[in-house]
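Chemist: Under my numbering, the sequence shown is numbered contiguously, ending at residue 244.
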Amino acid sequence: MVARGGRGLGDWMKKIEQEGEREKEREKHLHKRDTSAGHHPHDPNWGRGQTATEEYLSLTTNCVFSLAAVEPAMMLLENVKGHLKRPVWINADILPGPNGNSRVVDAKPFTDTVTSFFPDVTFSLGWTTGWHPEKVNEGYSWTMVKEMEYICNQLSQPVTFPVRAALVKQSFSQLLWLLKKSNRYSLTIWTGKNDNYSTEDLLYVRDHFDKKQVFYDILEPQNHEFKQAIGIKVNL
């Protein structure tokens with residue numbers, strides 16, 4: 009389950025409760041089956057470069073601007089922790105990025121609060137961004153990636169950096185530098201509904217970046233086109 013932006017705290021916490029109930033039911037169901045049947049099958053080549061939505065629980069704080077909201081959300085998530093059989097990814101935009109106008113979450117109090125409940129969490133720490141089809145859109149600058157690395161090199165947890173697909177081409181050098189700073193780091197390439205980007209840009213990342221360090225969260229129809237381009241059979 010991936011809970012993304014556009015929701016307030018009430019809906020966000022409701023998602024946590026719903027996920028907990030789903031995991032309880034899933035756990036009961038799996039107990040009735042052979043253990044080997046409990047894993048979600050996927051193409052091994054595709055799985056190395058894409059996050060399947062059933063493989064991890066990702067929660068976002070993009071619309072929860074008050075740090076006071078983080079602790080009660082973590083307390084609620086902790087109540088269902090025993091039923092969560094997938095890694096937990098907690099997301100927040102902690103720095104301003106290209107064309108980013110949204111408020112950011114204060115990084116240190118956020119990471120401290122989350123790790124006090126979930127020390128083994130995977131952080132998904134990103135930049136606020138915007139996209140203007142009629143303008144020239146700059147990518148992630150050296151200042152942006154170096155500031156992010158300064159924050160994250162003080163953490164011990166895995167960190168994935170959500171980066172906007174339409175801004176990746178302008179940022180190849182910066183993002184490659186960032187990934188090389190630690191084997192704890194990865195990218196999660198996501199797409200905005202009306203963003204302009206090419207499949208060739210995604211293929212360049214796949215060909216030049218370590219596949220184990222890149223995940224994809226791509227909307228259709230580009231997801232379909234990307235799979236076809238890398239030789240994954242797509243069932244229509």
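Every residue gets a Cβ at the ideal spot worked out from N, C-alpha and C, and that includes glycine. Since we're looking at a predicted model, the values are computed, not measured.
Since residue 183 contacts residue 153 with CB under 8 Å, what's their CB separation in whole angstroms?
Modeler: Residue 183 to residue 153, Cβ: 7 Å. Contact.
Chemist: Spatial neighbours of residue 242 within its chain, please: CB distance less than 7 Å, with the 5 preceding and 5 following residues excluded, ordered by chain position.
Modeler: Hits under 7 Å: 232, 235 and 236.
Chemist: Check the C-beta distance from residue 114 over to residue 75 and give it rounded, since I have them as a contact under 8 Å.
Modeler: At roughly 6 Å, the Cβ-Cβ gap stays under 8 Å, so residue 114 and residue 75 are in contact.
Chemist: As a quick exercise: from 209, 150 and 125, pick the residue whose alpha carbon is nearest that of residue 78.
Modeler: Nearest of 209, 150 and 125 to residue 78, Cα basis: 125.
Chemist: Roughly how many angstroms lie between the CA atoms of residue 229 and residue 213, to the nearest whole one?
Modeler: Roughly 19 Å between the two C-alpha positions.
Chemist: Hey, which unbroken runs of the beta strand (DSSP E) at 3 residues or more fall wholly within the region 100–180?
Modeler: Listed in chain order, they are 130–136 and 167–172.
Chemist: Determine the closest residue to residue 178 out of 121, 131, 204 and 86, with distance taken between C-alpha atoms.
Modeler: When each option's Cα is compared against that of residue 178, the closest is 204.
Chemist: Any idea if residue 48 is buried or exposed, counting beta-carbon neighbours within 10 angstroms, 16 or more meaning buried?
Modeler: Confidence at residue 48 is low in this model, with a pLDDT of 28, below 50, so the placement of that residue should be treated as unreliable; the coordinate-derived value is given next. Exposed, by the Cβ-count rule.
Chemist: Whole angstroms are fine: how far does the CA of residue 118 sit from the CA of residue 87?
Modeler: Rounded to the nearest angstrom, the two C-alpha atoms are 19 Å apart.
Chemist: Count the other C-beta atoms from every protein chain shown that fall within 10 angstroms of the C-beta of residue 99, then say buried if there are 16 or more, exposed otherwise.
Modeler: Result: buried.
Chemist: Express the C-alpha separation of residue 175 and residue 144 in angstroms, rounding to a whole number.
Modeler: When rounded, the distance between both Cα atoms is 11 Å.
Chemist: Taking DSSP as the reference, what is the three-state secondary structure of residue 209?
Modeler: Three-state result, residue 209: helix.
Chemist: By alpha-carbon positions, which one of 198, 81, 149 and 159 ends up nearest to residue 181?
Modeler: Of the listed residues, the one whose Cα sits closest to residue 181 is 149.
Chemist: Helix, strand or coil for residue 225? Go by DSSP, reduced to three states.
Modeler: Note: residue 225 maps to strand in three-state DSSP.
Chemist: Shortest alpha-carbon distance to residue 249 belongs to which of 151, 188, 162 and 199?
Modeler: The displayed coordinates of the chain run from 9 to 244. Any statement about residue 249 would go beyond what the structure contains.
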